[in-house]
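Enquirer:
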Ligand code: LGS
């Protein structure tokens, strides 16, 4: 599948921005310091038996106490932007609209944002990267109560815009609503860990959760546009994840259709309502029937109005898969995409690309370019920002492999080439790139196993050591960026 290609170091636009991404729970630690309330991840990582490899984010990378050093490292590595998230429960410990605000939590983010700006680094801030207030989960089931969640999220967002919006000019409401809905409420591998015990044909939760996220995003987008954008002059959007899907058998129309359906279930589920201001994709309505919630006329008015405000498509992308339509056996318990199987090998036994240390993540830059094309033809009015891209290397528990992370350098080099081709050969506007991640960190249900960082973290000492990929990215971004 073309994965033996050499890295070509193709050019990128002069204005192409480069930075790294993290999320609060994965790096901050200080889980119960200075008045912070409990999030669903604080609870989930302490369940017995453990669902997170016996590990948790109580200490993580200790970023809470290392802000100045970490920001200086970013600056030394040539980063001009940083995608970070806010811990809702540091700011409002109980989370709700009538609950007290924690000024110490706000002061922490003030310090971080100020340090970034002093080093010439523009913050891009995600309001919600999976660490919801536990209290809201206990009060009303979090995303399962659309009206309650929306009201609380509006309040939290308004507070963040008013306290940080003088300095933060790029806002992201939700990170990966698909993962929140499916992994949190269908197969249960992420907090709050709900499982589809009754089989996929009766399960309604993931679709309700997705519905809540879409409407809450739209509501907060409207608030930003009406109350803050006129003076703060920033931009707002959402970040969607998605693999690219190739047909398992290129000559089988059912597999070609399966690949397209899988992309629509993955991306257009959120993209169509949010960016086009319209109903869910038709294939979802057909397959899910009345399990998929219905937008009211008021909802559609809100979606139509806010679809014009979102000013970029935030893309998290890691890898590609083959999609195969299963016809010879009944759907699996948690299948929800018309019985489509995801594979790393096609009908001819060809692999999609070489595996990283996580089996699902393979080097497949051709799929990345195709995904950029797919997204840009479905949402042609939006420039794309790559809000996450990166990989863990095979054998990286060995410090020598970690320091000279050849696998990662090749992955990053090829994925940047794919962006270059998308820009210059396919005419797609890709504005910038955030590598996942600034540093090794707590990888959710996989604990501290997979190391996605371009900076190595020693979890005993919390010492940071840049890997060669960090220097590679610093240099290649400099060299590739031409003058046009
Ligand atoms: O750490 C996360 C990165 C790493 O890989 C980050 O917080 C997330 O926003 C993002 O989801 N990340 C990520 N995603 C890949 C998800 C692939 C799911 C397939 C798993 C199959 C077992």
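Residue numbers (this note's numbering): 634 to 1117. Just so you know, even glycine gets a beta-carbon here, dropped at the ideal spot from N, CA and C. Just so it is clear, the structure is predicted and the values come from calculations on it, not from any experiment.
Do you know offhand how far residue 1098's Cα is from residue 941's?
Expert: Locating residue 1098 in the chain shown gives position 465, where the first residue counts as 1. Locating residue 941 in the chain shown gives position 308, where the first residue counts as 1. Each residue's alpha carbon lies about 43 Å from the other.
Enquirer: With a threshold of 8 Å between beta-carbons, can residue 835 be considered close to chain B, or not?
Expert: Looking for chain B here will not work: only one protein chain is present.
Enquirer: Where does residue 1026 sit, in a helix, a strand or coil, going by DSSP?
Expert: Locating residue 1026 in the chain shown gives position 393, where the first residue counts as 1. Here residue 1026 sits in coil by DSSP.
Enquirer: Unbroken alpha helix (DSSP H) runs of length 4 or more, entirely within the region 751-799: which are they?
Expert: Runs of the alpha helix (DSSP H) inside the region 751-799: 767-773 and 779-797.
Enquirer: For residue 686, tell me which candidate among 1055, 1075, 1086 and 843 has the shortest Cα-Cα distance.
Expert: Residue numbering aside, residue 686 sits at position 53 when the chain shown is read from its first letter. Nearest C-alpha to residue 686: 1075.
Enquirer: Mapping DSSP to helix, strand and coil, what is residue 873?
Expert: Reading the chain shown from its first residue, position 240 is the one you call residue 873. Residue state, collapsed to three classes: strand.
Enquirer: Contact check, residue 1016 vs residue 989 under 8 Å by CB: the rounded distance?
Expert: Against the chain shown, residue 1016 aligns to sequence position 383. Against the chain shown, residue 989 aligns to sequence position 356. Not really, about 28 Å apart at Cβ, beyond 8 Å.
Enquirer: At a cut-off of 7 Å, is residue 820 close to the ligand LGS when judged by its beta-carbon and the heavy atoms of the ligand?
Expert: In the chain shown, counting from the first residue as 1, residue 820 sits at position 187. Result no, Cβ not under 7 Å from the ligand LGS.
Enquirer: Tell me the residue span of the beta strand (DSSP E) that contains residue 1067.
Expert: If you number the chain shown from 1, residue 1067 lands on position 434. Segment 1063-1069, the beta strand (DSSP E) holding residue 1067.
Enquirer: Could you tell me whether the region 789-805 touches the region 641-650, where touching means 3 or more Cβ pairs closer than 8 Å?
Expert: Cβ pair count under 8 Å is below three, so no.
Enquirer: Look at the alpha carbon of residue 666 and the alpha carbon of residue 706, and state the distance between them as a whole number of angstroms.
Expert: Mapped onto the chain shown, residue 666 falls at position 33. Mapped onto the chain shown, residue 706 falls at position 73. Their Cα atoms are separated by approximately 25 Å.
Enquirer: Quick one: is residue 923 buried, meaning 16 or more other Cβ sit within 10 Å of its Cβ, or exposed?
Expert: The residue you call residue 923 lines up with position 290 of the chain shown. So residue 923 ends up on the exposed side.
Enquirer: Closer than 7 Å: is that where the CB of residue 860 sits relative to any heavy atom of the ligand LGS?
Expert: Counted from its first residue, the chain shown places residue 860 at position 227. No, the Cβ of residue 860 stays beyond 7 Å of every heavy atom of the ligand LGS.
Enquirer: From the DSSP output, which residues share a beta bridge with residue 949?
Expert: Here residue 949 is taken as the residue at index 316 of the chain shown, counted from 1. Paired residue(s): 874 and 1021.
Enquirer: Residue 757 and residue 714: beta carbons closer than 8 Å?
Expert: Position 124 of the chain shown, counted from the first residue, corresponds to residue 757. Position 81 of the chain shown, counted from the first residue, corresponds to residue 714. Cβ atoms of residue 757 and residue 714: closer than 8 Å.
Enquirer: Whole angstroms are fine: how far does the CA of residue 1044 sit from the CA of residue 1086?
Expert: For the purposes of this step, residue 1086 is taken as the residue at position 453 of the chain shown. For the purposes of this step, residue 1044 is taken as the residue at position 411 of the chain shown. Between residue 1086 and residue 1044, the C-alpha separation is close to 13 Å.
Enquirer: Measure from the alpha carbon of residue 750 to the alpha carbon of each residue in 737, 936, 712 and 1073, then state which is nearest.
Expert: Mapped onto the chain shown, residue 750 falls at position 117. Considering only alpha carbons, the answer is 712.
Enquirer: Where in the region 700-745 do unbroken runs of the beta strand (DSSP E), each at least 3 residues long, occur, reported from the N-terminal end onward?
Expert: Segments of the beta strand (DSSP E) lying fully in the region 700-745: 714-718.
Enquirer: Is it right to say residue 1057 is buried, meaning 16 or more other beta carbons lie within 10 angstroms of its own, or is it exposed?
Expert: Reading the chain shown from its first residue, position 424 is the one you call residue 1057. Label assigned to residue 1057: exposed.
Enquirer: Ordered along the chain, which non-local residues of its own chain (more than five positions away) have a Cβ less than 8 Å from that of residue 1106?
Expert: The residue labelled residue 1106 in the question sits at position 473 within the chain shown. Answer for residue 1106: 651, 710, 711, 1045, 1068 and 1087, listed in chain order.
Enquirer: When the Cα atoms are used, what is the spatial distance from residue 723 to residue 688?
Expert: Position 90 of the chain shown, counted from the first residue, corresponds to residue 723. Position 55 of the chain shown, counted from the first residue, corresponds to residue 688. Answer to the nearest angstrom: the Cα atoms are 21 Å apart.
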